[in-house]
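Undergrad: One structure, pasted below without further comment.
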Amino acid sequence: MTASLFLKKDRSRPPAADEDPSTSSVPYGSPGRQTANLSLSQGSYSNRSPTRSQTVPSSPASSSSPRSTTNRYSARKSVNTDPGWKRVSGNLNTRDELLMSLMASEAVIDSREYEILNGEDVDELKKEYQVLTSRLGALTKKLALETKIRDAALSLSKVNASHKKVSKQTSEQLDAANRRVDSAQTELWKVSDRVNEVNRRLMEHRAGVLGFQVRNMEKKMSSSTEDSSESNRSTLMSPALSSMTSVSSSSKGRFDGAHLFAGHADAIVPKAKLSAEAAAAEITALEEKLKAAKDQLTESGKKQAEMTRELSLMRLEKQEVETVMGMDLQAAEETIAALEKEIPRLEELNEEVQTLRKEKSAWEEEREELEERGRQVEILQARLMDSEARTGEAAGGAERMLSELREKTAKQLSEKDAELARLKAERDAERAEWEQERQQIEDERMEDLARLQEEMERTREEDETAVAEANQELSTGLATLQSMVKTHGIVLFSRDSSLKGLLDAIGTHIETVHGKLDGHARAEAEWEMARRKLEDDVRAGLDHYSDVIDYHLQAGVEPIVTLFHWDTPLALHAYYGGFMAPESVDDFVHYAKTVFKACNGRVKAWFTFNEPRGFCGFFGSNQFTFGAILPPPLNVSSAPFHCIYNILRAHAGAVKAFREMGIEGEISFKSENFIGPPWRANSTEDAEASERRTAFQIGIFADPVFKTGDWPKILTDTLSPEYLPRLTEEEKKDILGVSYLSRPSSAQD
1 MTASLFLKKD RSRPPAADED PSTSSVPYGS PGRQTANLSL SQGSYSNRSP TRSQTVPSSP
61 ASSSSPRSTT NRYSARKSVN TDPGWKRVSG NLNTRDELLM SLMASEAVID SREYEILNGE
121 DVDELKKEYQ VLTSRLGALT KKLALETKIR DAALSLSKVN ASHKKVSKQT SEQLDAANRR
181 VDSAQTELWK VSDRVNEVNR RLMEHRAGVL GFQVRNMEKK MSSSTEDSSE SNRSTLMSPA
241 LSSMTSVSSS SKGRFDGAHL FAGHADAIVP KAKLSAEAAA AEITALEEKL KAAKDQLTES
301 GKKQAEMTRE LSLMRLEKQE VETVMGMDLQ AAEETIAALE KEIPRLEELN EEVQTLRKEK
361 SAWEEEREEL EERGRQVEIL QARLMDSEAR TGEAAGGAER MLSELREKTA KQLSEKDAEL
421 ARLKAERDAE RAEWEQERQQ IEDERMEDLA RLQEEMERTR EEDETAVAEA NQELSTGLAT
481 LQSMVKTHGI VLFSRDSSLK GLLDAIGTHI ETVHGKLDGH ARAEAEWEMA RRKLEDDVRA
541 GLDHYSDVID YHLQAGVEPI VTLFHWDTPL ALHAYYGGFM APESVDDFVH YAKTVFKACN
601 GRVKAWFTFN EPRGFCGFFG SNQFTFGAIL PPPLNVSSAP FHCIYNILRA HAGAVKAFRE
661 MGIEGEISFK SENFIGPPWR ANSTEDAEAS ERRTAFQIGI FADPVFKTGD WPKILTDTLS
721 PEYLPRLTEE EKKDILGVSY LSRPSSAQD
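Counting in full-length UniProt numbering, the sequence shown runs from 1 upward without gaps.
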């Protein structure tokens, strides 16, 4: 009885599933692309221009909070699109001529009421549209900038909420930022409304021109093709007739199926069949690569997230510093403006000083006049003294008058001097106070400017350091991604070595690996199903042989089991060369254990191999086709000896398992016992030839098992290790003495 349980299943991998048409790319010029463009055009022309109430929100009446302003602006932006409108059907088929004709007729009818402008108006509208478009872009950027400033002011107000003095100033800045945002939104709304109006007029003009031209072409074609027909045909049916007569037959579409010739972009490439072991090894390798790629991608994602978070924090700090610096600069500017406002008052003081100087000069002139009068008085006094001698009475009266005049003049001079001294003291005090105040203001301004400059320098250095660190981290992350791409052999299809390109390539590679893993998982599932089916088949075979053994026992016949009688499964021979490959040893031992377990207790005599020398000798014979399927690097000369080497190892492994499992009975192998006698008994050469033949035929199995545990010496002297593999010490111990039959068995028994 021979029980063959060598299992092998190699099923080709199923072809990859077709791509989802919804996700596949549509080439330019294909029907799908034309349909998409046509539907877009219909969406643009069929929708009438919205009214002012539909596209224009209510203008802001007063400044509002940043949240309400943002919501109001987002509401304006979302008005132009109808959220309730959704495409229900698929893309339009432009090859349907009747449908296209009906749609063209409907478009011509709808465009009859549109106004057709002259060339000058169209040129002016186009120029205005270009100017408004550029202005709209600039206003959009301005609004975005004002929104960022407003958000920064809002963040600063939240930060400075605990400081009352700073909070008041910050709230004023926030209100000013809100007003600027509202102003920018209002201006953007007006320009956007005007852009929509100009675009609507241009679209209506173009639709009207096209409709007018189509109607003229229809009239010409109808008059030339049908002279006897009525002249007042319906415009709705004419385009369909013209399109029906202009196209006689539809052209055949190109072949859109899978192409089977080499070199085509959609060609199906046959894929090599993989064995279960190779598929499992490839799946394991791909899983390890995928795990490593996922780990590196996770680390890169974490690094990128940390870098992004740090960069956002630095940007926020930069915005706060810029805001604080802007506030300081604004305070300095306000101080300078206050000083500039004080300049007119100082000029007034200067004018007052000049006026006082003029008054002083006038007083000095009066003083000189008074002094001149005093000199004249002295002259008169001298004259009076002269005349006093003449007339006593006249002298006494003149002296009184002179003394009175002198006292009066001295009193006036003292009053004027006191007033001049007081004005001079006041002027000096005011000048000193003004100089001190001006010097103090100048010092404060210089200190503020110096402090502001230091803060700006420090902030600039911190920003440069942060940017340098961020750039260094980005460079490190980019280098890590590049090394990952190089290590795992990821292909850069776009030839873009930037961070985005590398991440896209890694994502594509991971998707490809996922696809391969899914394919291998499907193949593994199929193999598992096939393996279970084969196990069921093997179980059925074992049950059959078990019934045969039971039948023999019932009939009084002692069963003897031979595990191998030259019936190597063809799949194993094609996969790794059968017993010419070392992989056959473990497979045979596993097969022997299965049979031992199934037949233990009912079989008392076991044979592992039947005439292995004859079986292995066929691999060196040209009589059979074994020589055509030898595994490399074996040939017809070395294959028989490698087969004998592997069979001895398989026999030793099976006997060792027989011992360990405690199987009842005896076990050995069947070997040939033919001994060739010498041709001439008295010839030494014939005797040596007979011994050599015996060693090559019988001793090659008998010596390792029953005698020395090694090959006969004549074999090792004749054959090199490439032809006859040498037995190791461990193999010698396993092979020697593994026969447990009570008597030797031969092929003639």
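Every residue gets a Cβ at the ideal spot worked out from N, C-alpha and C, and that includes glycine.
Look at E524 and A279 and say whether their C-beta atoms are less than 8 Å apart.
TA: Working through the sequence shown from its first residue, we reach residue 524 at position 524. Working through the sequence shown from its first residue, we reach residue 279 at position 279. A contact, by the Cβ cut-off of 8 Å.
Undergrad: Can you tell me whether E352 is buried or exposed, with buried defined as 16 or more other CB within 10 angstroms of its CB?
TA: Here residue 352 refers to the residue found at position 352 when the sequence shown is read from its first residue. Here E352 is exposed, its C-beta having fewer than 16 other C-beta atoms within 10 Å.
Undergrad: Could you pull the start and end residues of the alpha helix (DSSP H) that F619 belongs to?
TA: The residue labelled residue 619 in the question sits at position 619 within the sequence shown. From DSSP, F619 is part of no alpha helix (DSSP H); its letter is neither H nor E.
Undergrad: By Cβ distance below 7 Å, which residues in the same chain neighbour R680 in space, the five residues on each side in sequence not counted?
TA: Position 680 of the sequence shown, counting from 1, holds the residue named residue 680. Result list for R680: D686, in chain order.
Undergrad: Report the option in F609, Y576 and V561 whose CA atom is closest to the CA atom of A598.
TA: Within the sequence shown, the letter at position 598 stands for residue 598. For A598, the nearest C-alpha among the options comes from V561.
Undergrad: Evaluate Q330 with the Cβ neighbour count: other Cβ atoms within 10 Å of its Cβ, from every protein chain shown; 16 or more gives buried, anything less gives exposed.
TA: Counting from one through the sequence shown, the residue named residue 330 turns up at place 330. Answer is exposed; the Cβ neighbour count stays below 16.
Undergrad: Quick one: is G662 buried, meaning 16 or more other Cβ sit within 10 Å of its Cβ, or exposed?
TA: For the purposes of this step, residue 662 is identified with residue 662 of the sequence shown, where counting begins at 1. G662 comes out exposed.
Undergrad: Just grab the DSSP bridge partners of E688 for me.
TA: Position 688 of the sequence shown, counting from 1, holds the residue named residue 688. Answer is none; E688 lacks a bridge partner.
Undergrad: Name the residue from L481, G601 and V191 whose alpha carbon lies nearest to the alpha carbon of T298.
TA: Translated into positions along the sequence shown, residue 298 becomes position 298. Of the listed residues, the one whose Cα sits closest to T298 is L481.
Undergrad: Tell me the DSSP secondary structure of E666 in three-state form.
TA: Indexing the sequence shown from 1 puts residue 666 at position 666. Three-state DSSP puts E666 in a strand.
Undergrad: Let's test the definition: count the other Cβ atoms within 10 Å of the Cβ of F674 and tell me whether it reaches 16, buried, or not, exposed.
TA: Along the sequence shown, one-based indexing puts residue 674 at 674. F674 should be labelled exposed.
Undergrad: Would you mind sorting V467 into buried or exposed? The rule is 16 or more other CB atoms within 10 Å of its CB.
TA: Taking the sequence shown and counting its residues from 1, the one referred to as residue 467 is at position 467. Classification of V467: exposed, given that the 10 Å Cβ count is below 16.
Undergrad: Q381 and L413 look like a contact to me (Cβ under 8 Å); what is the Cβ gap, rounded to whole Å?
TA: Indexing the sequence shown from 1 puts residue 381 at position 381. Indexing the sequence shown from 1 puts residue 413 at position 413. With 8 Å as the limit, Q381 and L413 do not qualify as a contact, their Cβ atoms being about 17 Å apart.
Undergrad: Under 6 Å Cβ to Cβ from A296, same chain only, skipping five residues before and after it: list those, please.
TA: Residue numbering aside, residue 296 sits at position 296 when the sequence shown is read from its first letter. Going by the sequence as given, residue 296 is Gln instead of Ala. Contacts found: M484.
Undergrad: I'd like the span of the beta strand (DSSP E) that includes residue 777, first residue to last.
TA: Since the first residue of the chain shown is 1 and the last is 749, residue 777 is not available in this structure.
Undergrad: Mind checking R309: buried by the 16 CB within 10 Å criterion, or exposed?
TA: The residue labelled residue 309 in the question sits at position 309 within the sequence shown. R309 comes out exposed.
Undergrad: Take every Cβ of the region 640 to 660, pair it with every Cβ of the region 589 to 604, and state whether three or more of those distances are shorter than 8 Å.
TA: Below 8 Å, enough C-beta pairs join the region 640 to 660 and the region 589 to 604 to call them touching: three or more.
Undergrad: Does the separation of the CB atoms of V603 and I549 fall below 8 Å?
TA: Within the sequence shown, numbered from 1, the residue matching residue 603 stands at position 603. Within the sequence shown, numbered from 1, the residue matching residue 549 stands at position 549. Their beta carbons are under 8 Å apart, which means V603 touches I549 by this criterion.
Undergrad: Taking all protein chains shown into account, do 16 or more other C-beta atoms lie within 10 angstroms of the C-beta of E729, making it buried, or fewer, making it exposed?
TA: Counting from 1 along the sequence shown, the entry for residue 729 is found at position 729. Exposed: under 16 other Cβ atoms inside 10 Å.
Undergrad: Compare the C-alpha of residue 782 against each of L139, L316, Q436 and Y723 and name the closest.
TA: In the structure as shown, the chain begins at 1 and stops at 749. Residue 782 is therefore absent and cannot be evaluated.
Undergrad: Assuming C616 contacts I647 (C-beta within less than 8 Å), just tell me the rounded distance between them.
TA: Within the sequence shown, residue 616 is the residue found at index 616, counting from 1. Within the sequence shown, residue 647 is the residue found at index 647, counting from 1. About 7 Å separates the two Cβ atoms, so the contact holds.
Undergrad: In terms of DSSP beta bridges, what is I560 paired with?
TA: One-based indexing of the sequence shown puts residue 560 at position 560. A605.
Undergrad: Touching or not, the region 631 to 650 and the region 572 to 580, by the rule of three or more beta carbon pairs under 8 Å?
TA: yes
Undergrad: What distance in whole Å lies between the Cβ atoms of S300 and G477, which are believed to be in contact at a cut-off of 8 Å?
TA: For the purposes of this step, residue 477 is taken as residue 477 along the sequence shown, with counting starting at 1. For the purposes of this step, residue 300 is taken as residue 300 along the sequence shown, with counting starting at 1. Rounded, the Cβ-Cβ distance is 6 Å, consistent with contact.
Undergrad: At what residues does the alpha helix (DSSP H) containing A598 begin and finish?
TA: Walking along the sequence shown from the start, residue 598 turns up at place 598. E583 to C599 is the span of the alpha helix (DSSP H), which, as asked, contains A598.
Undergrad: So for S157, helix, strand or coil by DSSP?
TA: What you label residue 157 is simply residue 157 of the sequence shown in a count that begins at 1. Residue state, collapsed to three classes: helix.
Undergrad: From which residue to which residue does the alpha helix (DSSP H) around F641 run?
TA: Working through the sequence shown from its first residue, we reach residue 641 at position 641. Residues A639 to E660.
Undergrad: So, for R67: in the same chain, excluding its five sequence neighbours on each side, which residues have a beta-carbon less than 7 Å away from its beta-carbon?
TA: For the purposes of this step, residue 67 is taken as residue 67 along the sequence shown, with counting starting at 1. Its pLDDT being 40, under 50, R67 is placed unreliably in this model, and the coordinates cannot settle the point.
Undergrad: Rounded to the nearest angstrom, what separates R438 and A450 at their Cα positions?
TA: Taking the first residue of the sequence shown as position 1, residue 438 is located at position 438. Taking the first residue of the sequence shown as position 1, residue 450 is located at position 450. Distance between the alpha carbons of R438 and A450 is about 18 Å.
Undergrad: Exposed or buried, which one is G137 when buried takes at least 16 other CB atoms within 10 Å?
TA: Within the sequence shown, numbered from 1, the residue matching residue 137 stands at position 137. Burial is judged here by how many other beta carbons sit within 10 angstroms of a residue's own beta carbon; G137 has fewer than 16 and is exposed.
Undergrad: Going by other Cβ atoms of all chains shown within 10 Å of its Cβ, with 16 needed for buried, is residue 795 buried or exposed?
TA: Because the chain spans 1 through 749 in this model, residue 795 falls outside it and cannot be assessed.
Undergrad: Excluding five sequence neighbours on each side, which residues of the same chain lie with their C-beta closer than 7 Å to the C-beta of K291?
TA: For this step, residue 291 is matched to residue 291 along the sequence shown. Excluding positions up to five away in sequence, the list is empty.
Undergrad: Can you tell which of A276, E364 and A479 has the C-alpha that lies nearest to the C-alpha of A571?
TA: Your numbering for residue 571 matches position 571 in the sequence shown. Distances from the CA of A571 to each of A276, E364 and A479 were compared; the closest alpha carbon is that of A276.
Undergrad: Whole beta strand (DSSP E) runs in the region 504 to 588 with 3 or more residues, listed along the chain?
TA: 560 to 564
Undergrad: In terms of residue numbering, what span does the alpha helix (DSSP H) encompassing E722 cover?
TA: Position 722 of the sequence shown, counted from the first residue, corresponds to residue 722. E722 -> no alpha helix (DSSP H), and no H or E assigned at all.
Undergrad: Compute the Euclidean distance between the alpha carbons of R427 and K158, then round it to the nearest angstrom.
TA: The sequence position of residue 427 within the sequence shown is 427, counting from 1. The sequence position of residue 158 within the sequence shown is 158, counting from 1. The straight-line gap from Cα to Cα measures roughly 50 Å.
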